[in-house]
Amino acid sequence: MRRTTPPRPVDVAAVFPELAGMARTATRLHPRPGTPTVHDSSVGGPLLWPADEDWPMCEQTHWSSRLRGLEDVRARRRILQAGAPRTAAEQAVVDREPVEHDPTRAPAEPWPLLPVAQLYARDIPDLPCPDGTDLLQVLWCPSTEIESESSSAVHLRWRHSSEVTQVLEQPPEPVFVDYDGYVPLPCALHPEQVVEYPASFTATCTRASASSPIKPRICTRCGTGADARP
Ligand SMILES: [Zn+2]
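If you're matching positions, the sequence shown starts at 1 in this note's numbering and goes up one per residue.
Right under this line is the structure:
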């Protein structure tokens, strides 16, 4: 299915001619729940990973006080998606709270990373692939580490898809996650190229740079007044 962005209510470049030269293309991924394969671009789907290449691991110490089992997260999602009625066992899974921290349950060894996204250049025309590559794979450790800007828990892997002859069938997975929101739902992508402008200009006037020459005009047009907070 092709997904598209509705036409913009105004032609930004016509209203603000100063921005005309700043237009650039971006790709909206439009992820939707699905069953992508290793040969598809995806969010949370399986990766085209060589069978003879080590899977990336997180070496950090995991100290979270509340953990969820990865399989519990997936089971709860399946049950909620199926809807009522539920068996008592299914309801128990839905109601189960994260396990309280028990150091003996949090594996001390490195945690395998989880696939977050896989992007083939054929689907994402603007993907800035290094020479000799046509595929970007993103993985992360499903822990609060990913919220740190200096985190090493996010891993990017560029590769050329034609060089993967034998795919790793069952990659390792972490037993626990810090938060179920760190477990991407497998989604197929419906990429769409759109035109965008620098964020400091297209954001609301309260986010626009105080030094922006068009800021007063943005404030006037959006109705919040030229004296809006810079
Ligand atoms: Zn980690």
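Each residue gets a CB set at the ideal place from its N, CA and C atoms; glycine is no exception.
Quantities reported herein were computed from a predicted structural model and do not represent experimental measurements.
Could you tell me whether the Cβ of glutamate 53 comes closer than 9 Å to any Cβ of chain D? The chain labelled as chain D is not found in the depicted structure, where only one protein chain is given.
Can you give the Cα-Cα distance for proline 31 and arginine 3, rounded to whole angstroms? One-based indexing of the sequence shown puts residue 31 at position 31. One-based indexing of the sequence shown puts residue 3 at position 3. So the alpha carbons of these two residues sit roughly 10 Å apart.
Which of helix, strand or coil does DSSP assign to glycine 21? As a first step, residue 21 is located in the sequence shown; it is residue number 21 there, counting from the start. Glycine 21 carries a helical assignment under DSSP once its states are collapsed to helix, strand and coil.
Counting by C-beta, which residues lie closer than 7 Å to a heavy atom of ligand 1, in chain order? Having a Cβ closer than 7 Å to some heavy atom of ligand 1 are Cys58, Gln60, His62, Trp111, Cys141, Ser143, Glu145, Ala153.
Candidates Pro172, Ala153, His39: which alpha carbon is nearest arginine 122's? On the sequence shown, residue 122 is found 122 positions in, with the first residue counted as 1. Residue His39 is the option with its Cα nearest to arginine 122.
What span of residues does the beta strand (DSSP E) with valine 175 cover, start to end? As a first step, residue 175 must be located in the sequence shown, where it is residue number 175. Per DSSP, valine 175 belongs to no beta strand (DSSP E) and is neither H nor E.
When burial is assigned at 16 or more other CB atoms within 10 Å of the CB, is valine 94 buried or exposed? As a first step, residue 94 is located in the sequence shown; it is residue number 94 there, counting from the start. Answer is exposed; the Cβ neighbour count stays below 16.
On the CB-based measure, 16 or more other CB atoms within 10 Å of its CB, does serine 41 come out buried or exposed? Taking the sequence shown and counting its residues from 1, the one referred to as residue 41 is at position 41. Its Cβ being crowded by 16 or more others within 10 Å, serine 41 is buried.
Kindly identify the DSSP beta-bridge partner or partners of cysteine 187. As a first step, residue 187 is located in the sequence shown; it is residue number 187 there, counting from the start. The secondary-structure analysis by DSSP pairs cysteine 187 across a beta bridge with Pro33, Val43.
Counting beta carbon pairs with one atom in the stretch 148–162 and one in the stretch 125–133, are three or more of them shorter than 8 Å? The stretch 148–162 and the stretch 125–133 touch, with three or more beta-carbon pairs separated by less than 8 Å.
Residues near cysteine 141 in its chain [Cβ-Cβ closer than 6 Å; skip 5 each side]: Counted from its first residue, the sequence shown places residue 141 at position 141. Excluding residues within five positions, the ones whose Cβ falls inside 6 Å are Cys58, Trp111, Leu113, Ala153.
Ignoring anything shorter than 3 residues, give me the beta strand (DSSP E) runs that lie fully in the stretch 90–140, in order along the chain. Qualifying beta strand (DSSP E) stretches, in chain order: 114–120, 135–140.
Suppose contacts are defined by Cβ-Cβ distances below 9 Å. Is glutamine 118 in contact with proline 172 by that definition? Residue numbering aside, residue 118 sits at position 118 when the sequence shown is read from its first letter. Residue numbering aside, residue 172 sits at position 172 when the sequence shown is read from its first letter. No, Cβ-Cβ distance for glutamine 118 and proline 172 is not below 9 Å.
Can you tell me whether valine 177 is buried or exposed? The criterion is at least 16 other CB atoms within 10 Å of its CB, across all chains shown. Taking the first residue of the sequence shown as 1, we reach residue 177 at position 177. It is buried - the Cβ of valine 177 has at least 16 other Cβ atoms within 10 Å.
Whole angstroms is fine: what's the gap from arginine 8's alpha carbon to glutamate 196's? For the purposes of this step, residue 8 is taken as the residue at position 8 of the sequence shown. For the purposes of this step, residue 196 is taken as the residue at position 196 of the sequence shown. Each residue's alpha carbon lies about 11 Å from the other.
Bridge partners - alanine 88, DSSP secondary structure assignment: As a first step, residue 88 is located in the sequence shown; it is residue number 88 there, counting from the start. Paired residue(s): none; alanine 88 is not in a bridge.
Between glutamate 244 and valine 12, what straight-line distance do the alpha-carbon atoms span, to the nearest angstrom? Given a span of 1 to 230 for the chain in the structure shown, any question on residue 244 remains unanswerable.
Where do the ends of the beta strand (DSSP E) carrying threonine 157 lie? As a working mapping, residue 157 is identified with position 157 in the sequence shown. Per the sequence shown, the amino acid found at residue 157 is arginine instead of threonine. If you look at arginine 157, you'll find it in the beta strand (DSSP E) that goes 154–159.
Kindly list the residues whose CB is nearer than 8 Å to the CB of threonine 165, restricted to its own chain and excluding five residues on each side of it in sequence; keep chain order. Reading the sequence shown from its first residue, position 165 is the one you call residue 165. Correct list, in chain order: Pro50.
Strand pairing of glutamine 193, partner residues [DSSP]: Mapped onto the sequence shown, residue 193 falls at position 193. According to DSSP, which records beta bridges pairwise, glutamine 193 is partnered with Thr27.
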